[in-house]
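Chemist: Just passing along the structure, written as structure tokens.
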Amino acid sequence: QGFIIPFFILRCYPTPTTAKCEVYKETHHYPQYPPHHHLTAAAEMGKSSATAFSKRKNSGGGSSSSSRTLRFEDGATQFRQRIVVSLLSHRPLLIRNIRADDLQNPGLKDYEASFLRLIDQLTNGSKIEINSTGTQLRFHPGTLLGGTDLKHACPDSRSIGWFLEGILPLAPFGKESLAITFTGITDGLCQVDPSADYWNRSGLPLFSAFGIGVENDFDEEKPQIRVLQRAAAPESEGNGKVLFTCPIVKQLQSIDMVDPGKIKRIRGTAISCKIVSSSMAARVAYAAKGIFHKLLPDVWIHTDVHTSKRHRCGPSPGIMMVVSSESTTGIILTAECCMDHRQHQQGVNTDSSLIPSKTGLEIPEDLGKRGACMLLEEIRRGGCIDTSCQSLAFLWMALTPEDVSRIRVGTLSQYSIETLRLIKHAFDVEFKVTPDMESKTVLLSCLGTGYRNMAKAST
Amino acid sequence: EEPEYDPEEPAGMLKGLQDVDEAVDERMERSTLRLFKGSKAVEAGSDEEEDDDDYDDENIQQISSDAVPFRMRGDPAEDDDENESDASSSEDSDSDSDVDDNQNKSDDDDDSDSNDENDSASESGSNSDDDDSDDGESVGSGDADKALHSGVSWKSGIAERAAQSFLERQASVLNLQELIYGSNKSKLVTDEDDDGDKSDSDDDEFFKLKKSTRESTNSSERKSNEAVSLLGEEDSSRLISGEIERIDMEEWLEEGGDNLIESLRDKFVTGKWDKPAGSGGGNDDDDGSAFGDFEDLETGEQYGPNGEVLSDNDDEASDSDPTAGMTDAEIRAYNAEKKAKQKKGFDNEYDEEKKTKGMGGMKDDEAENEYLETLKRQKEEKMKRNQEEFGKEGERTRLRHEGFRQGLYCRIRIDGVPAAFLENYSPEQPLVIGGLTPQETNLGFVRCRFKKHRWHRKILKCNDPLVFSIGWRRFQSIPTFSTEDQNGRHRYLKYTPEHMHCFATFYGPQCPPNTGILAIQRMTGNITGFRIAATGVVLELNASFPVVKKLKLVGTPTKIYKNTAFITGMFNSDLEVSRFEGASIRTVSGIRGQVKKALREGQPGSFRATFEDKILRSDIVFCRTWMPVEMKEYYNPVTNHLAATGTDGWYGMKNKALLQLETNTPIEVNPDSIYKPIERTEPKFRKLKVSKKLEEALPFASKPKDEPKRKRKGYLQKRAVVMDTAEKKKFTFLQALNTIRNEKVKIRKQKKEESKLEKAKKNAKKEEALAAARKANKKRQYRAEGKKEKMREAKRAKVGNS
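In order, the protein sequence lines correspond to chains A and B.
The first sequence begins at 1 in the numbering used here and counts up by one.
The second sequence begins at 460 in the numbering used here and counts up by one.
Below is the structure:
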């Protein structure tokens, strides 16, 4: 091809391999650089320019976008969501003063540490730095991986639902679809956190509303949350298993959930764990049905009795009920309740009591009625989504394509208000909040950020 | 009047916000007064008043702790100094000529002020703005204002005033947005908010940077400590301030015709169907008509039965029922909507038809036109949707929710531009400003499908720097080439394949998959030939990618049992062995085996291994392993705008070959890499011994046939052969013939050798002459080409200079 092999090089340094000559072929074309521009100098120059950029970033510091770190000074509030938002927005996170005032047990709790481990498992390249007292967390988000056959053991201080709630928003944005098995407590903490059954009933319809797993043909590829084995609070002893699978998407679909429709059916399950008398669950179901039948004939509440022999449920007894209503427009509202035990006080949180002690245990009939009333309360509030699902829906709405997403909400919970603020902070998406006086609901709408799942590999 | 819900609970308060069912007329009055104030601060612009405002907040704290964080969040006075400076500078950037001249004046004053004062002053500016705009309203709330103004008596009736202000806040509908995001002080401003022609009349204004009123809400520290007290550090979505939300059972279980359960009946299919579906269960008719008007003024919109937005309603009466008793305007709106639906349906049908039909017959450009049309229509639809959703409350709110949409003029301030950029900026080069999503600003590893350009002369070497051009960016990075094996393993490649795709992994900004890539080796200098070294497409992003190199570990057997052998020399320590326990190994002859366990004695790193057969002492045992290749994290953006000479002024990293040439460094020769003649000692094998027992057991065919020499001769050997004369004659004749032939062959061979030698001598002389000629020829050729090249270079330099 008319290359000139510089003879002097060959003469001076005879090389045994042709490969090295190959590199030298072109060299004589270039003008001679002054000698100080050697390799290390070039590398250093690159580095120095990079630092100069970063310095500028800091000193510029005016707009919210230039200082990209999400800083929070108020401790472990919204712990999961902040990490999730940091991962989704690819912005580093700094949380300070995590229980800094608590002299006995400062810093992160075991469940929070466990959640961090879970996130570490789900991501690649995440950097998690916790200071020696555990009161400060620095989180540098990596790439979301997903993956099948993952396992995570949850501590007994929080139910599996808490962990599920944390990673639900992340699940469709991984590199590959997710299948993870949690072990831990499945029932008996639903006053504090939504349970896995709740997410199965109320969360999964949201998945399809946002277009996750819609075009998948096989049932295995659809998102699912299955309770494989039950364990009630306060102790699971490694029983209690929940399988969560979720396919990935490239982009979410924007939603328009404003028509709550009319409720056409109520379905539910009364679950008892490790309670010898199987009639307990039936009594719960009966009491609940008694209330629902005043309004609707189409009510089915199943009983699901788990004994340690047949189903290998956990060592602690527990009884709970999940009921959901389905409307003509396919809107599902769910409520759940469970028997609280005083032992939970130690189980959940030793120093600040999450569950105040009650004088006695309530009888199954009362539990059933309470559950029914809780669902009726959800229905009374109206809207197209129940209270505990709000924040998930809001977060995903902010991540939809650049189109209007609308949702009708009965009552904004404090948690979801904080979510809205966090979304504004991290994604700069501000929802339009319009109260609808007529129906006493709130309409929320936003323009999505056009979020794309960049972790997904193209083929 | 008791509110229905407990205002102590935030949820209850929110509920209270939504169902305001008492004192409708009174509330109506107040709310209309609040109408324009709703989004802004209430009091006229004096510092005293601001103090009062703060004080009010504290009072509210006494009454309902839940209300405080919302208000405080919107309150600039609560923010830190540091925070303020941040926000103010940020606001500077994106503010516009929002406010009137009046406002501008006050802003100009602010410029000279310190940061702390800037806040309050600017706020007062905005307040005064409010007053200008709605004087009438401020008169309406005169009573309260008077009380506030009379500085001395402010202490009297604090609780009452606080309660009143709290109720007022409840009354204002727009407050819900404010409660969540804080009050929206003017943040984004456009011409619409301005006097329309102002910006047109003086272009100079457009290029002047304006100080703006700072927005109090948009900062991270906004979530100050109040939030902690509310949500608690349990991070639970169901607890409120660490308390479980209790449900009042008695309310629900109450018997009677008018109980709570009955009020829900219409939400079920068993209830009345003609009621609006989204309606609440309780007292609908109370506030339905009463607030219809109110809402109309505030939001300019109303929600239909299915939540769809009906168009503005000018009439006083607002019947919520769409099917019967509609006013003219409503009917008109209803018809318009119907029409729009029909049109949309037709459009969709039309598109579908085109799609199905057009694939076959349509020409390419026609199809493209159709496609563009569809895209355009979709875009228009989207714009319309956005307009419908966010456009009702004016441009300012729209910008808040939507950001700057297409076709808007905006002024952009870029912070932190290096001085070198301004020094070396040449106006001949236009600057195009683009945006990046937050994801794309992160650095990480990018894997791409990569191919050397077919016109580029040489293959590319791994770990030589390349300048990549991806999307908006140009940067230098160091790629690692790899190829994917059948099992998905990425194997390291030293060079790109000549004509095939390979994978390249480099460190750089993360860009979305399917983005095109272009790579060149060098930006500067005149490069002959084709400059584009390679092209590719982004496949995947990750924080790390596994690329492996094959590494064969070699060991030798020291002791061999049946199928077990002790191997040494493969590892250096027991630790290494334990890491490789169970690894498969192989001898050269192909006998497979497994690493078992490290040995206590002997050379460290020796181990016991088992094989599928007995191996030989002479066998070499090897273990095939894969080493991860470390990738270089090098990213150097091409900052050609910072250099005086543009692209030529930017220096990137050079590859090793160039450096060696420039510095006259000889190529390092690793003596180990030089091939040496292989000296092999012939293995001496012991004689094969077959035991007698085995030999006896063998079948005859396998039995060794070579019988040992006998001491005594056998019968045949003992007999002497005596030839008769005739026989003897024949024998001697044959012997003579053989002797003659042998002699002849001998002579022929000798002659051939001689002639060969002669020929070689002749050829050597000829060859010498030819080689000399060839060398001279080549030299001439190269010289001519070099001269030509020099000429070309000079020409190019001339062109470049001129």
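Even for Gly, the Cβ is constructed at its ideal location relative to N, Cα and C.
Check B:W440 in the structure and name its three-state DSSP category.
Modeler: Absent from the structure is residue 440 of chain B, since the part of chain B shown begins at 460 and ends at 1261.
Chemist: Establish whether the CB of A:V214 and some CB of chain B are separated by less than 7 angstroms.
Modeler: So no, A:V214 is outside the interface.
Chemist: DSSP state of B:R705, grouped into three classes?
Modeler: coil
Chemist: Using three-state DSSP, classify B:H860 as helix, strand or coil.
Modeler: In the three-state DSSP reduction, B:H860 falls in the helix class (H, G or I).
Chemist: Assign A:I160 to one of three DSSP states: helix, strand, or coil.
Modeler: helix
Chemist: From which residue to which residue does the beta strand (DSSP E) around A:E326 run?
Modeler: G318 to S327
Chemist: At which residues does the alpha helix (DSSP H) containing A:T181 begin and terminate?
Modeler: Here A:T181 belongs to no alpha helix (DSSP H); instead the beta strand (DSSP E) covers L178 to T183.
Chemist: Looking at chain B, which residues of the segment 370-400 of chain A have a Cβ within less than 7 angstroms of any of its Cβ atoms?
Modeler: R370, C373, M374, L376, E377, I379, R380, G382, S388 and S391
Chemist: Can you check DSSP and say which residues form a bridge with B:C1082?
Modeler: B:L1012
Chemist: For the segment 946-964 of chain B against the segment 1110-1117 of chain B, do three or more pairs of beta-carbon atoms, one drawn from each stretch, fall closer than 8 angstroms, so that the two count as touching?
Modeler: no
Chemist: Based on Cα-Cα distance, which residue from B:A792, B:L1193, B:R990 and B:W732 lies nearest to B:L919?
Modeler: Selected option, being the one with the closest Cα: B:R990.
Chemist: Step through the CB atoms of chain B and report whether any lies within less than 7 angstroms of the CB of A:Q229.
Modeler: Contacts with chain B at 7 angstroms (Cβ-Cβ) do not include A:Q229.
Chemist: With DSSP as the reference, label B:S1037 as helix, strand or coil.
Modeler: helix
Chemist: Can you tell me whether B:K1135 is helix, strand or coil according to DSSP?
Modeler: B:K1135 falls in the coil class under three-state DSSP.
Chemist: Which residue comes first and which comes last in the alpha helix (DSSP H) that contains B:G1259?
Modeler: Unbroken alpha helix (DSSP H) run through B:G1259: T1184 to N1260.
Chemist: State buried or exposed for B:T1124, treating a residue as buried only when at least 16 other CB atoms are found within 10 Å of its CB.
Modeler: Answer is exposed; the Cβ neighbour count stays below 16.
Chemist: Are there three or more Cβ pairs, one per stretch, closer than 8 angstroms when the segment 702-715 of chain B is compared with the segment 307-323 of chain A?
Modeler: no
Chemist: Contact defined as beta carbons within less than 8 angstroms: I believe A:C273 pairs with A:D340. What is the distance between those atoms, to the nearest angstrom?
Modeler: Not really, about 14 angstroms apart at Cβ, beyond 8 angstroms.
Chemist: Here's the rule: buried if 16 or more other CB atoms are within 10 angstroms of the residue's CB, otherwise exposed. What is B:V527?
Modeler: Unreliable placement is indicated for B:V527, whose pLDDT of 32 sits below 50; the coordinate value is still reported in the next sentence. By the neighbour-count rule (16 or more Cβ atoms within 10 Å), B:V527 is buried.
Chemist: Count the other C-beta atoms from every protein chain shown that fall within 10 angstroms of the C-beta of B:Q801, then say buried if there are 16 or more, exposed otherwise.
Modeler: exposed
Chemist: If you compare alpha carbons, which of A:R406, A:M374 and A:A455 is closest to A:I255?
Modeler: A:R406
Chemist: Taking 7 angstroms as the threshold (C-beta atoms), are A:I225 and B:K726 in contact?
Modeler: no
Chemist: When DSSP builds the beta bridges, which residues end up paired with B:Y951?
Modeler: B:S941
Chemist: Applying the criterion that 16 or more other CB atoms from any shown protein chain within 10 Å of the CB defines a buried residue, is B:F909 buried or exposed?
Modeler: buried
Chemist: Could you tell me the distance, in whole angstroms, from the CA atom of A:R370 to the CA atom of A:A196?
Modeler: 20 angstroms
Chemist: The beta strand (DSSP E) that contains A:L150, what's its start and end?
Modeler: G147 to A153
Chemist: According to DSSP, which residues form a beta bridge with B:Q935?
Modeler: B:V926 and B:N1095
Chemist: Report the rounded CA-to-CA distance for A:H90 versus A:L144, giving the unit in angstroms.
Modeler: A straight-line Cα-Cα distance of about 10 angstroms links A:H90 and A:L144.
Chemist: In chain order, what residues of the segment 118-142 of chain A put their CB closer than 7 angstroms to some CB of chain B?
Modeler: N124, G125 and G142
Chemist: List the residues of chain A that B:W711 touches, going by C-beta distances under 7 angstroms, in chain order.
Modeler: Against chain A, a Cβ distance below 7 angstroms from B:W711 picks out C373 and L376.
Chemist: Here's a check: name, in chain order, each residue in its chain whose Cβ is nearer than 6 angstroms to the Cβ of A:G461, leaving out the five neighbours to either side.
Modeler: Outside the displayed range of chain A (1 to 459) lies residue 461 of chain A, so it cannot be described from this structure.
Chemist: Can at least three beta-carbon pairs, one atom from the segment 916-935 of chain B and one from the segment 1092-1110 of chain B, be found at a separation below 8 angstroms?
Modeler: yes
Chemist: Sort B:R724, B:E709 and B:P897 by Cα distance to A:L87 and report the nearest one.
Modeler: B:P897
Chemist: Using a beta-carbon distance cut-off of less than 9 angstroms, what residues from the segment 180-214 of chain A approach chain D?
Modeler: Structure shown: chain D not included; protein chains present are A and B.
Chemist: Consult DSSP for A:I332 and reduce its assignment to one of helix, strand or coil.
Modeler: Note: A:I332 maps to strand in three-state DSSP.
Chemist: Quickly, what does DSSP pair A:W300 with across the bridge? List them, please.
Modeler: A:R267
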